[in-house]
Structures are given as structure tokens and as C-alpha cells.
Amino acid sequence: MYSDPISDYLTRIRNAVSARHKVVEIPASNLKKEITKILKEKGYILNYKFEDDDKQGTIKIALKYNPRTKIPAIRKIERASRPGLRYYVGADNMPRVLNGLGIAILSTSSGVMTDKEAKQQNVGGEVLCRVY
0 MYSDPISDYL TRIRNAVSAR HKVVEIPASN LKKEITKILK EKGYILNYKF
50 EDDDKQGTIK IALKYNPRTK IPAIRKIERA SRPGLRYYVG ADNMPRVLNG
100 LGIAILSTSS GVMTDKEAKQ QNVGGEVLCR VY
């Protein structure tokens with residue numbers, strides 16, 4: 000049993016990308032679904048599919064690679080806040096990932112969003128992960 004489901008989610012994606020898999024299956028939760036929607040919206044994954052079963056369901060994620068060079072769209076995906084050390088930021092000091100080329104995914108009072116969206120809406124929150 001794992002104690003941090005978000006770390007498990009990110010590790011499964013990281014391992015699938017390093018093994019050059021096309022699809023990865025992950026146990027579903029509402030927070031994972033929101034993170035997956037953001038990754039699709041920002042172009043880090045090709046597509047996703049939520050499958051419900053009699054338990055919690057699964058998320059199938061189609062990973063994205065460059066067709067010519069086979070380089071993955073997700074170069075690095077890392078956990079920022081963890082159960083032992085939470086990482087909160089205010090609206091005035093949002094983290095810059097790779098000098099603005101990457102994204103940070105935050106959990107705010109207005110929902111899960113990227114760092115740029117949180118800055119526009121002037122809300123802070125917990126930085127869940129960084130992707131570039």
C-alpha cells in the first residue's frame with residue numbers, strides 16, 4: 000500500500016515514459032483526473048480515458064512522443080509538495096518552472112490549475128508537481 004497517491008501517479012508516468020510505453024494505466028481519483036486533464040490541455044499527453052469499474056476506476060493515459068526523434072513530451076515530472084513537507088505558495092510568489100517553459104500544477108481553493116492560471120485569478124495554493 001502506498002501512502003502518497005499523487006507520487007504513485009507521477010512515478011507511474013515517469014516509469015512509462017522512460018520505458019517508452021504508449022499507454023499507462025493508473026488507479027483513478029478525482030485529483031488525478033484533474034491533473035490528467037491539465038496535462039492533456041497543455042500538450043504533455045496525447046489523450047486519456049476514464050474507465051469506471053465497480054471499485055475506484057482507472058485512468059488510461061496515451062503518452063506523447065515526437066514522431067521523428069522519439070523524444071517524450073514529458074522530459075521531467077516531479078513532486079513538489081509531499082506528505083512530510085507541504086509546499087504552499089501565495090499568488091504573489093508563484094514558482095517559475097524552467098524559466099516559464101514548464102508548468103507547475105497547484106491545488107487551490109478554486110480547483111486544480113496551473114501556476115499561470117492561479118496567478119491570473121490571484122489565488123495561491125499547494126504546489127502538487129512540476130512538469131517540463
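Using numbering that gives the first Met the number 0, the first residue of the sequence shown is number 0, and each one after it goes up by one.
The beta carbon of each residue, even a glycine, is placed where N, CA and C say it ideally should be.
- Comparing alpha carbon positions, the residue from Thr107, Gln119 and Gly83 closest to Ser6 is Gly83.
- Annotation for Asn46: Ala61 place their beta carbon closer than 6 Å to its own, counting only its chain and skipping 5 residues before and after.
- Restricted to the segment 98-126, the beta strand (DSSP E) segments that are unbroken, complete and at least 3 residues in length are 102-107 and 110-113, listed in chain order.
- With contact defined as three or more Cβ pairs closer than 8 Å, the segment 11-21 and the segment 70-89 are in contact.
- If you draw a straight line from the Cα of Asp91 to the Cα of Cys128, it comes to about 18 Å.
- Contact between the segment 106-113 and the segment 50-61 is not established, with fewer than three Cβ pairs separated by less than 8 Å.
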